[in-house]
DNA sequence: GCGAATTGCTTTCATCTGTGACTATCTAGT
DNA sequence: ACTAGATAGTCACAGATGAAAGCAATTCGC
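Protein chains in written order, with the numbering used here: chain X, 1 to 152; chain Z, 1001 to 1152.
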């Protein structure tokens, strides 16, 4: 009598769902906007905060600093953002959307929301809130778990 | 007035949660059992079905056939599985756990269940069922979404 | 039954990603 | 001031991943 079945194992189910969603979304972003997901994330945040150092972006997106650095370089190359030294801290780069970047964001936003809507078409408002909340708790629990084990 | 905030965007939240969980689990499996997640998945399935072709494993794990091929080779190298030609179909390889593989499985199972338990410690039974079910629906919706777009 | 198409699996190659080392700058303690 | 240590960002490498091509065996259509 086995207690573990892969198909019901939660980490597995989570990974499958996340992969499926990421794949669909990544395909849409790269095809339509020539943007990777890391790049899209930076744009989304920069649209919210207007101006941020890469370190801020690391915190906001939970991405690795190298990933942020690379995405920021790519965006700069494509003139979607401008980067300049922080006045106070010579190490930090302050990044902001260019007009071009802002324009691209305005094109993407409806697409992104539409994707989310289609993805969640079969979910009730209540369910969505619950799901979102549970994902947060899950991420938190996983973080704690990793920390505890690292302490071994 | 912006309608989209990254931190509440569901694909983003899903990706964050999945990454956090995968990372924690992968660390545990590699450290303790010298096993990658794809390898672990094959072992888990093979423990359930006893005997499968790689194609069966592709279907069961939703992994790429290349990933299955590589994981199977690695497991064979470590004598955790045996591979032999299918009697009827000379192309297919039938894979089964070796005694060594079965023994390893028995060591992993409690650990895996314990991880899942710790991950879900703050969740009620009802919640877990709901979460699991919603993840399934989400994966399905994402699959449909990708198919539709591919048809463009 | 013979050639074409399909299927199962492996190999190759191009890309992505994370890690560790490195530079430059900043901060704190003395 | 000077030094030690922390922090921002980049770079270079190595391992992982996936798509495409390849090979071998099988099945299908005529």
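Glycine included, every Cβ here is placed at the ideal spot set by N, Cα and C.
Nothing here was measured: the structure is a model prediction, and the numbers come from that model.
query	result
Strictly below 7 Å CB to CB, what residues from chain X border residue 1033 of chain Z?	Near residue 1033 of chain Z there are no residues of chain X at all, since even the closest Cβ is about 14 Å away, more than 7 Å.
Need the endpoints of the beta strand (DSSP E) that residue 1083 of chain Z sits in, please.	1081-1085
Helix, strand or coil for residue 100 of chain X? Go by DSSP, reduced to three states.	helix
On the DSSP bridge list, what partners appear for residue 1093 of chain Z?	Z/1085
Out of curiosity, what's the CA-to-CA distance linking residue 16 of chain X and residue 1138 of chain Z?	10 Å
How would you call residue 116 of chain X, buried or exposed, if buried means at least 16 neighbouring beta carbons within 10 angstroms?	buried
Do residue 1095 of chain Z and residue 1044 of chain Z come within 7 Å of each other at the CB atom, strictly closer than that value?	no
Rounded to whole angstroms, what is the Cα-Cα separation between residue 1104 of chain Z and residue 1056 of chain Z?	22 Å
Listing by chain order, which chain Z residues have their CB less than 7 Å from the CB of residue 127 of chain X?	1134
For residue 125 of chain X and residue 1085 of chain Z, what's the separation of their Cα atoms in angstroms?	51 Å
Where does residue 71 of chain X sit, in a helix, a strand or coil, going by DSSP?	helix
Between X/80, X/99 and X/5, which has its C-alpha nearest residue 41 of chain X's C-alpha?	X/80
Using only the alpha-carbon positions, how far apart do residue 69 of chain X and residue 61 of chain X sit?	12 Å
Taking its Cβ as the centre, do 16 or more other Cβ atoms sit within 10 Å of residue 38 of chain X, making it buried, or is it exposed?	buried
Taking just the CA atoms, how far does residue 1021 of chain Z sit from residue 1098 of chain Z?	29 Å
Could you pull the start and end residues of the alpha helix (DSSP H) that residue 1018 of chain Z belongs to?	1010-1033
Are the beta-carbon atoms of residue 1004 of chain Z and residue 114 of chain X separated by less than 7 Å?	no
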